[in-house]
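To start, the structure under review is shown below, and the notes come after it.
In the working numbering, the protein residues as written are 969 to 1285.
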């Protein structure tokens, strides 16, 4: 039985309840049921995984889920929302890949999703139902020593999404599209209490990629000064440079202080990308690593003039 919760200034309060069996039928399989309830997020999820398929060195993962999210649309340079919509999603996926080291994942996944976008107010979104089936190739390398606030290690994530008429046939009005995403970051500690964390990520998708599959960047997590999912588009590039210092406090939890510089661009498509005119932002933060999760307070400002205070309590859900 697992329970987790998170409170932040954007998505407000959320909680997760999970019931799982770590050794289902005594064959090393894991099965879990998970529920999410929050002010703007709700969902149900069931997950099944098997470390080895029979005597092969292939893993197997499967899941089915339902989610409901309240989302907002923002225009560049404006702090107030221009639109509000409800996104309901029903989906399932299966995946398999070679059995590798504990810190490395290589998978091929088949995903089936039904999106239902219902407008609440304003514009800037695409209402309606989309049924999207796709094939995903995914690779993850994670050698970080701890979460949250790692001091050493590396994280690399790559995926390639392919959705074609061969998969969708008559189920969807959407034509074929692809998406590619790549992210890499490293943590480098020096002089015991200092950590440098450079991070680079980018994503690109073709012009036929539907609204529900666009890339989204969040404020505190990706770009200081901006709101949750304020940046939406088919093509983006993002660089973050973070310095963090561990305070020498004699307390039952660790305290960190740091600064971060962000440089980014988000466009509707690659043809509109102008890399010589990237945006930037900067900010500072304080973090506490407590027994019930991370507590973070931050302030950031973007070159557009937008500035914002952030707070989060609990792990990312």
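We treat Cβ as the ideally placed atom computed from N, Cα and C, and that holds for glycine.
Notebook entry, point to check: Nearest to residue 1239 by alpha carbon, out of 1172, 1146, 1078?
Noted result: It is 1172 whose Cα lies nearest to the Cα of residue 1239.
Checklist line | Sequence-distant residues of the same chain with beta carbon closer than 7 Å to residue 1261, five excluded per side | finding: 1281, 1282, 1283
Margin query: According to DSSP, residue 1156 sits in a beta bridge with which residue or residues?
Written below: In the DSSP assignment, the residues bridged to residue 1156 are 1164.
Notebook entry, point to check: Just the Cα atoms here: how many angstroms apart are residue 1085 and residue 1043?
Noted result: Using only the alpha carbons, I get a separation of about 19 Å.
Check: Can you name, in chain order, every residue of its own chain whose Cβ lies under 6 Å from the Cβ of residue 1000, other than the five neighbours on each side?
Finding: 986, 988, 1015
Note to self: Looking only at its chain, what residues have a beta carbon closer than 7 Å to the beta carbon of residue 1237, apart from the 5 residues adjacent to it on each side?
What the structure shows: Around residue 1237, the same chain offers 1175, 1202, 1203 as residues with beta carbons nearer than 7 Å, after the five sequence neighbours per side are excluded.
Note to self: Within a Cβ cutoff of 7 Å, which residues of the same chain sit near residue 1214, ignoring the five residues on either side of it in sequence?
What the structure shows: 1161, 1222, 1224
Checklist line | Nearest-angstrom Cα separation, counted from residue 1089 out to residue 980 | finding: 20 Å
Next item on the list: Report buried or exposed for residue 1129, applying the criterion of at least 16 other Cβ atoms within 10 angstroms of its Cβ.
Entry: buried
Item checked: residue 931 and residue 1278 closer than 9 Å at C-beta -> There is no way to answer for residue 931, as the model of the chain reaches only from 969 to 1285.
Margin query: I need the boundaries of the alpha helix (DSSP H) containing residue 1188, first residue and last residue.
Written below: Counting along the chain, the alpha helix (DSSP H) containing residue 1188 begins and ends at 1187-1190.
Notebook entry, point to check: Does residue 1004 come within less than 9 Å of chain B when only Cβ atoms are used?
Noted result: Considering every chain present, this structure includes no chain B. It has just one protein chain.
Checklist line | Rounded distance between the beta-carbons of residue 1083 and residue 1057, thought under 8 Å | finding: 5 Å
Check: Using a threshold of 8 Å, is the CB atom of residue 1053 nearer than that to any non-hydrogen atom of the ligand MN?
Finding: The model on display carries no ligand, and the ligand MN is accordingly not part of it.
Check: Helix, strand or coil: which one does DSSP assign to residue 1242?
Finding: It is coil, neither helix nor strand.
Check: Between the C-alpha atoms of residue 1034 and residue 1179, what's the straight-line distance to the nearest angstrom?
Finding: 19 Å
Notebook entry, point to check: Is residue 1243 buried or exposed, if buried means 16 or more other CB atoms sit within 10 Å of its CB?
Noted result: Residue 1243 should be labelled exposed.
Checklist line | Best match in 1105, 1269, 1052 for proximity to residue 1094 [C-alpha to C-alpha] | finding: 1052
Note to self: I believe residue 1208 touches residue 1228 by the beta-carbon criterion, under 8 Å. Please report the beta-carbon distance rounded to the nearest angstrom.
What the structure shows: 6 Å
Margin query: Does residue 1274 come out as helix, strand or coil in the three-state DSSP assignment?
Written below: coil
Next item on the list: Spatial neighbours of residue 1199 within its chain, please: CB distance less than 6 Å, with the 5 preceding and 5 following residues excluded, ordered by chain position.
Entry: Only residues of its own chain outside the window of five on either side were considered, and among them 1185, 1234 have a CB closer than 6 Å to the CB of residue 1199, listed in chain order.
Next item on the list: Go through its chain and collect everything with a Cβ distance to residue 1004's Cβ below 8 Å, but skip five positions before and after it.
Entry: 982, 983, 984, 1010, 1011, 1012, 1013, 1035, 1285
Margin query: Let me check understanding here. Comparing Cα to Cα, which of 1187, 1241, 1163, 1024 lies closest to residue 1210?
Written below: 1163
Check: If residue 1206 and residue 1270 are in contact, beta carbons under 8 Å, what's the gap, nearest whole angstrom?
Finding: The Cβ separation is near 13 Å, so there is no contact.
Check: How would you call residue 1024, buried or exposed, if buried means at least 16 neighbouring beta carbons within 10 angstroms?
Finding: exposed
Checklist line | Chain-order list of residues whose beta-carbon lies under 6 Å from that of residue 1263 (same chain, five-residue window excluded) | finding: Excluding the 5 residues flanking it on each side, residue 1263 has same chain C-beta neighbours closer than 6 Å at 1256, 1281, in chain order.
Notebook entry, point to check: Roughly how far, in whole angstroms, is the beta-carbon of residue 994 from the beta-carbon of residue 1027, given that I think they are within contact range, below 8 Å?
Noted result: So it is not a contact: roughly 18 Å between Cβ atoms.
Next item on the list: Take residue 1139 and list the residues in its own chain whose beta-carbon comes closer than 6 Å to its own, dropping the five residues that flank it on each side.
Entry: Confidence at residue 1139 is low in this model, with a pLDDT of 46, below 50, so the placement of that residue is unreliable and no value is reported for it.
Margin query: Helix, strand or coil, according to DSSP, for residue 1061 in the structure here?
Written below: In the three-state DSSP reduction, residue 1061 falls in the strand class (E or B).
Next item on the list: Hey, could you find the ends of the beta strand (DSSP E) residue 1181 is sitting in?
Entry: Looking at the DSSP string, residue 1181 is not in any beta strand (DSSP E), and its letter there is neither H nor E.
Next item on the list: Determine the direct distance from the alpha carbon of residue 1115 to that of residue 1091, and round the result to whole angstroms.
Entry: C-alpha of residue 1091 to C-alpha of residue 1115: approximately 38 Å in a straight line.
Check: In its own chain, which residues sit with a C-beta less than 6 Å from the C-beta of residue 998, not counting the 5 before and 5 after it?
Finding: 990, 1017
Next item on the list: Below 8 Å on the Cβ atoms is my guess for residue 1110 versus residue 1071; work out the distance and round it to an integer in Å.
Entry: The Cβ separation is near 5 Å, so the contact holds.
Next item on the list: Please name the residue or residues paired with residue 1131 in a DSSP beta bridge.
Entry: 1145
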